[in-house]
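Protein sequences, first through last, are from chains A, B, C and D. The numbering used here puts the first residue of the first sequence at 15, with every later residue one more than the last. The numbering used here puts the first residue of the second sequence at 15, with every later residue one more than the last. The numbering used here puts the first residue of the third sequence at 15, with every later residue one more than the last. The numbering used here puts the first residue of the fourth sequence at 15, with every later residue one more than the last. Quick reminder that beta carbons are idealized off the backbone N, C-alpha and C, glycines included. If you're wondering where the values come from, they're calculated on a predicted model, not measured in any experiment.
There are 4 protein chains.
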Amino acid sequence: MPFVTEIMSVQQLEDYADIIDVVQIGARNMQNFDLLKAAGKINKPVLLKRGMSATIEEFLMASEYILAGGNQQVILCERGIRTFEKYTRNTLDLSAIPVIKRFSHLPVVIDPSHATGDARYVESMSLAAVAAGADGLMIEVHNNPEKAISDGKQSLTPEAFKALMIKVAQIAEITGKMM
Amino acid sequence: MPFVTEIMSVQQLEDYADIIDVVQIGARNMQNFDLLKAAGKINKPVLLKRGMSATIEEFLMASEYILAGGNQQVILCERGIRTFEKYTRNTLDLSAIPVIKRFSHLPVVIDPSHATGDARYVESMSLAAVAAGADGLMIEVHNNPEKAISDGKQSLTPEAFKALMIKVAQIAEITGKMM
Amino acid sequence: MPFVTEIMSVQQLEDYADIIDVVQIGARNMQNFDLLKAAGKINKPVLLKRGMSATIEEFLMASEYILAGGNQQVILCERGIRTFEKYTRNTLDLSAIPVIKRFSHLPVVIDPSHATGDARYVESMSLAAVAAGADGLMIEVHNNPEKAISDGKQSLTPEAFKALMIKVAQIAEITGKMM
Amino acid sequence: MPFVTEIMSVQQLEDYADIIDVVQIGARNMQNFDLLKAAGKINKPVLLKRGMSATIEEFLMASEYILAGGNQQVILCERGIRTFEKYTRNTLDLSAIPVIKRFSHLPVVIDPSHATGDARYVESMSLAAVAAGADGLMIEVHNNPEKAISDGKQSLTPEAFKALMIKVAQIAEITGKMM
Numbered sequence: 015m016p017f018v019t020e021i022m023s024v025q026q027l028e029d030y031a032d033i034i035d036v037v038q039i040g041a042r043n044m045q046n047f048d049l050l051k052a053a054g055k056i057n058k059p060v061l062l063k064r065g066m067s068a069t070i071e072e073f074l075m076a077s078e079y080i081l082a083g084g085n086q087q088v089i090l091c092e093r094g095i096r097t098f099e100k101y102t103r104n105t106l107d108l109s110a111i112p113v114i115k116r117f118s119h120l121p122v123v124i125d126p127s128h129a130t131g132d133a134r135y136v137e138s139m140s141l142a143a144v145a146a147g148a149d150g151l152m153i154e155v156h157n158n159p160e161k162a163i164s165d166g167k168q169s170l171t172p173e174a175f176k177a178l179m180i181k182v183a184q185i186a187e188i189t190g191k192m193m
Numbered sequence: 015m016p017f018v019t020e021i022m023s024v025q026q027l028e029d030y031a032d033i034i035d036v037v038q039i040g041a042r043n044m045q046n047f048d049l050l051k052a053a054g055k056i057n058k059p060v061l062l063k064r065g066m067s068a069t070i071e072e073f074l075m076a077s078e079y080i081l082a083g084g085n086q087q088v089i090l091c092e093r094g095i096r097t098f099e100k101y102t103r104n105t106l107d108l109s110a111i112p113v114i115k116r117f118s119h120l121p122v123v124i125d126p127s128h129a130t131g132d133a134r135y136v137e138s139m140s141l142a143a144v145a146a147g148a149d150g151l152m153i154e155v156h157n158n159p160e161k162a163i164s165d166g167k168q169s170l171t172p173e174a175f176k177a178l179m180i181k182v183a184q185i186a187e188i189t190g191k192m193m
Numbered sequence: 015m016p017f018v019t020e021i022m023s024v025q026q027l028e029d030y031a032d033i034i035d036v037v038q039i040g041a042r043n044m045q046n047f048d049l050l051k052a053a054g055k056i057n058k059p060v061l062l063k064r065g066m067s068a069t070i071e072e073f074l075m076a077s078e079y080i081l082a083g084g085n086q087q088v089i090l091c092e093r094g095i096r097t098f099e100k101y102t103r104n105t106l107d108l109s110a111i112p113v114i115k116r117f118s119h120l121p122v123v124i125d126p127s128h129a130t131g132d133a134r135y136v137e138s139m140s141l142a143a144v145a146a147g148a149d150g151l152m153i154e155v156h157n158n159p160e161k162a163i164s165d166g167k168q169s170l171t172p173e174a175f176k177a178l179m180i181k182v183a184q185i186a187e188i189t190g191k192m193m
Numbered sequence: 015m016p017f018v019t020e021i022m023s024v025q026q027l028e029d030y031a032d033i034i035d036v037v038q039i040g041a042r043n044m045q046n047f048d049l050l051k052a053a054g055k056i057n058k059p060v061l062l063k064r065g066m067s068a069t070i071e072e073f074l075m076a077s078e079y080i081l082a083g084g085n086q087q088v089i090l091c092e093r094g095i096r097t098f099e100k101y102t103r104n105t106l107d108l109s110a111i112p113v114i115k116r117f118s119h120l121p122v123v124i125d126p127s128h129a130t131g132d133a134r135y136v137e138s139m140s141l142a143a144v145a146a147g148a149d150g151l152m153i154e155v156h157n158n159p160e161k162a163i164s165d166g167k168q169s170l171t172p173e174a175f176k177a178l179m180i181k182v183a184q185i186a187e188i189t190g191k192m193m
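As structure tokens, then:
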């Protein structure tokens, strides 16, 4: 089972690239061009998260920094953008999926847990993401969300996660995706 | 087949309420409290569109003006909110669906044509809306989109619409909705 | 001493236009086109407030509805726009002053009390507004801000107001304005 | 006469810190925490620009990364934030001046040229900035703005700049600042 590890600096990338499976570049670092360029030189998949206020064009341009360095294993992750809406932590921009598919061949992964910040909205947003053509989902799961040290509010229980995966598979079949 | 007619003033409502099927209150009038109150006094369904920059809380509070007048036939329509994204006209906020479902019993309809402003994104956003639990869709269709006087760029051909409806029905079955 | 009275509907305008000095149309009604048109038919000054999420272009277009009806006594009021900034209630867009001056002959008034929501920021924003060419200021004053029923947090004491007016006059002299 | 040089990476900082007068960290790098930490270790003034979508709180927190490293010579620069307004490139948030003054002792510099993107608005925004308490201005000047390779549209002529500086000095006197 591969692990995704967030890398926050060029130095960390140099120190840990060999021993991690997937490098995550977080939303705050989406325009850290040094880090993007360094990620272009490694031979590991890079999960690039969209900046909280970045347009899709800026997101795609950030990915070009990695691709231009020679690393073609880039995965784009939409995790919600800043809007004035308050009931959700950020606003999940699912139209990013068909837009990115139009301009790029890169896989698109959706993170409904961080975007909504609320476990009650994760199931419907996960199903919507798959219906819109997402290639993958990042979902927070915790054995006991109420006792989680962090992010408990947005975490699913293992049971809820399993129930969700069944529906995800059904929708993926309709849209012709393998999850 | 019922028609939806946009009403932009109290005067129009008085003149036409009797002869129209469904009254639409547009995004720009979402906080026109006079009009909302007048719509609460009629006995016709009202389709209330979310303001372009309105929070969901403000949207629900606007609907209360109609409900308080005695008209319980209110349909809420999410049609995209203003963000900095440029590839789509507005950003369709599909998380509004589970959020509204949590706080209200009113049906929620999604308008992917206006939200994206681009026919190429309408199919995936429609499927996503249904997967997220939408009760209905408003989709622009035109026999010859390239020759449409207005909104051609966002209109589906009748063929594309039919193909979409088949997939919509399949997803609605999974989420347990009748469309 | 003239009074400004907020009018929220066409009916209120009909009932009270004769007895009030200045009609205020609030930010929420900036695109209430019925009300704008009705305000174009009266012979009283209209203070039109910019919508919380309106562009300057939309603001100017809203004023055209009043002007087109024959009422040329329109005063434009910038009162802050919605942004992601949290230390102030809204973000006072002072660049609206030179922009409006470029496209319109209408006077521009600034409301730093509502925009910032905090009396501690009112003095510097008032001086800035005048330096930028504002034609007037709307400032909340209260004899005892801590005991005010509403808006106390953003109200100046009469003493602070007087001290501010002295500085305002000095800056207005430099920029060639009479306040 | 000291020069400000934008530094975009830790490597650049290591290579050039000795030979430059003032290090500028641009808006895109405001949350490049590696670079901020490295800037905390040098003995040169650092001009930190506010991120295009950053709140003032995030801006102040970014400055803490430099201060915590031991470098107390930090200058904060407001250069406009992203809003929906289109007549100006960004919206200059002048309320950032009194807000920052309340929470921090650091000097605040305003960049009206980048914020507005239009030379016609630079004079009034410069005067407003000084009236609001700014400690400095960054203004683009070009001998022949129409022939400038970049940023001509937002550059003042030397004559316009001199005329502006006279007014700036007058306003600074009123607000008790030395420019």
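Using a CB distance below 7 angstroms, the part of the segment 92-114 of chain B facing chain A consists of I95, T97, F98, E99, K100, Y101, T102, T105, L106, D107, L108, S109, I111, P112 and V113, ordered along the chain. Per DSSP, reduced to three states, the secondary structure at B:G150 is strand.
DSSP places A:I39 inside the beta strand (DSSP E), whose first and last residues are V36 to I39. DSSP places C:L81 inside the alpha helix (DSSP H), whose first and last residues are I70 to A82.
By the Cβ neighbour-count rule, C:I185 is buried, with 16 or more other Cβ atoms within 10 Å of its own.
Among the residues facing chain D, C:M139 is included, as its CB has a counterpart in that chain under 7 angstroms away.
Rounded to whole angstroms, the separation of the alpha carbons of B:P159 and A:I39 is 41 angstroms. With respect to chain D, the C-beta atom of A:N46 has a partner C-beta closer than 7 angstroms. In this structure A:L49 touches A:V24 by the C-beta definition: roughly 6 angstroms separates them, less than 8 angstroms. For the C-beta of B:G147, the chain A residues within less than 8 angstroms are, from N- to C-terminus, S138. With a threshold of 16 other beta carbon atoms within 10 Å, D:D132 meets it and is buried. Under DSSP, D:V24 takes part in no beta bridge, so it has no partner. When secondary structure is reduced to three states using DSSP, B:T171 falls in the coil class, being assigned neither helix nor strand. DSSP assignment within the segment 112-138 of chain D yields the following whole beta strand (DSSP E) runs of 3 residues or more, N-terminal first: 122-124. Relative to the Cα of D:G65, the nearest Cα in the group D:A146, D:I56 and D:C91 belongs to D:C91. The three-state reading of DSSP puts C:K191 in coil, since its state is none of H, G, I, E or B.
The residue from D:G147, D:A145, D:A174 and D:K161 with its alpha-carbon nearest to that of D:I153 is D:A174. Sequence-distant partners of D:V113 (beyond 5 residues in either direction) whose C-beta falls short of 8 angstroms from its own C-beta, in its chain, are I70. Rounded to whole angstroms, the Cβ separation of B:S138 and A:G147 is 5 angstroms, and the two are in contact under 8 angstroms. In the same chain as D:G166, and ignoring 5 residues on each side of it, the C-beta atoms closer than 7 angstroms to its own belong to H156, P159 and E160, in chain order.
The C-beta distance from B:I21 to B:L27 rounds to 5 angstroms, short enough to meet the 8 angstroms contact threshold. Residue-level contact by beta carbon holds for C:Q184 and chain D, with a gap shorter than 7 angstroms. Among the CB atoms of chain D, one or more fall inside 7 angstroms of the CB of A:R42. Listed in chain order, the positions of the segment 68-80 of chain C with a beta carbon within less than 8 angstroms of a beta carbon of chain D are T69, I70 and E71. Residues of chain A with a Cβ closer than 9 angstroms to the Cβ of B:I188 are, in chain order, L141, K181, Q184, I185 and I188. Chain C places no beta carbon closer than 7 angstroms to that of B:S169, leaving this residue out of the contacts. Per DSSP, the beta bridge partners of D:T19 are D:V37. At a C-beta separation below 8 angstroms, B:V144 has these neighbours in chain A: A145. Remark: C-beta atoms of D:V88 and D:L120 approach each other more closely than 7 angstroms.
Classified as exposed, C:E78 has fewer than 16 neighbouring CB atoms from the shown chains inside 10 Å of its CB.
If you draw a straight line from the Cα of C:T102 to the Cα of C:A31, it comes to about 34 angstroms. In this structure, A:S67 and A:I95 form a Cβ contact; the two beta carbons are roughly 7 angstroms apart against a cut-off of 8 angstroms. If you draw a straight line from the Cα of D:G54 to the Cα of D:L106, it comes to about 27 angstroms. Relative to the Cα of A:K51, the nearest Cα in the group A:N57, A:A41, A:L74 and A:L81 belongs to A:L81. Counting along the chain, no alpha helix (DSSP H) covers B:L108, and no H or E run does either.
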